[in-house]
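Those protein sequence lines, which keep their order, are chains A and B. Final position of the first sequence in my numbering is 101; the numbers increase by one with none missing. Final position of the second sequence in my numbering is 101; the numbers increase by one with none missing. Note that CB positions come from ideal geometry on N, CA and C, so glycine has one too. Working notes for the structure below.
There are 2 protein chains.
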Amino acid sequence: MPQCDAALSQAFALLGKRWNGMILGSLMTGPAGFSEIRRALETISDSVLSDRLSELAAAGLVVREVDEGPPVAVRYHLAESGVALVPVLRDLMDWARENL
Amino acid sequence: MPQCDAALSQAFALLGKRWNGMILGSLMTGPAGFSEIRRALETISDSVLSDRLSELAAAGLVVREVDEGPPVAVRYHLAESGVALVPVLRDLMDWARENL
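Next comes the structure, spelled out in structure tokens:
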């Protein structure tokens with residue numbers, strides 16, 4: 002009998018939401034500022050990127066760090082659970098390159 | 002500089018679409034009929050499941066097999082590229098259990 006795995010459902014509810022997986026992917030190579038992430042994702046709007054970063058921070062995958070400056074600078078980096086996802090994202094990329 | 006990986010973008014466009022990841026997950030344990038998959042996913046409608054299975058078959062991840070019978074029986078199973086995704090889905094489940 003096929004089963005619906007609750008953990009997989011949770012993972013796709015978060016990562017499957019448009020942009021979330023790509024935002025995490027864009028932070029795989031290191032911390033980045035808001036506009037760097039926006040440029041990497043090309044067609045995302047400021048308000049959607051802002052919402053998504055808040056959501057990923059609330060889920061504990063991304064950390065928003067503020068350098069009080071001056072000038073004030075905000076950067077984002079993967080939290081520990083986001084870093085733990087990196088090898089899975091790499092395997093997913095390899096799979097996509099070979100199979101899609 | 003953060004980058005947007007094209008393969009990751011493709012993977013999330015397909016797997017991130019609501020239900021697609023869960024449908025593949027439901028076939029990880031073996032072939033299943035339409036109504037078995039529908040029951041496993043609980044809240045999906047017949048028409049959406051039918052659309053998604055067609056999409057996953059067109060993408061080459063799922064195979065629709067018809068046993069001419071009688072009675073005619075339709076079953077679905079993971080194609081080779083779907084099977085190749087199984088270890089990635091398992092890692093994603095493990096990650097979700099530990100981090101979400």
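Go to residue i, then tell me how far its alpha helix (DSSP H) extends in each direction, as first and last residue.
i	result
residue 161/B	Residue 161/B falls outside the range modelled here, since chain B spans only 2 to 101, and no answer is possible.
residue 66/A	Premise fails: residue 66/A lies in the beta strand (DSSP E), 63 to 68, not in any alpha helix (DSSP H).
Among the options, which residue has its Cα nearest to the Cα of residue i?
i	options	result
residue 86/A	34/A, 25/A, 37/A	25/A
residue 49/A	64/A, 96/A, 35/A	35/A
residue 64/B	8/B, 82/B, 41/B	82/B
residue 20/A	95/A, 7/A, 38/A, 74/A	38/A
residue 77/B	29/B, 96/B, 18/B, 45/B	29/B
residue 44/A	14/A, 23/A, 59/A	23/A
residue 32/B	92/B, 17/B, 67/B	67/B
residue 100/B	46/A, 62/A, 79/A, 51/A	62/A
residue 51/A	75/A, 84/A, 69/A	75/A
With H, G and I counted as helix, E and B as strand and the rest as coil, what does DSSP make of residue i?
i	result
residue 6/A	coil
residue 87/A	helix
residue 80/A	coil
residue 31/A	coil
Subject >> Against chain A: residues of the region 72 to 93 of chain B by CB proximity under 7 Å >> reply: 82, 85, 86, 89, 90, 92, 93
**OP:** Closer than 9 Å, Cβ to Cβ, to anything on chain B: give me those residues from the region 43 to 74 of chain A, in chain order.
**Re:** Taking 9 Å as the Cβ-Cβ cut-off against chain B, the residues of the region 43 to 74 of chain A that qualify are 43, 60, 61, 62.
Subject >> Residues, ordered as in the chain, of the region 4 to 18 of chain A that lie near chain B by beta-carbon distance below 8 Å >> reply: 4, 5, 6, 8, 9, 10, 11, 12, 13, 15, 16, 17, 18
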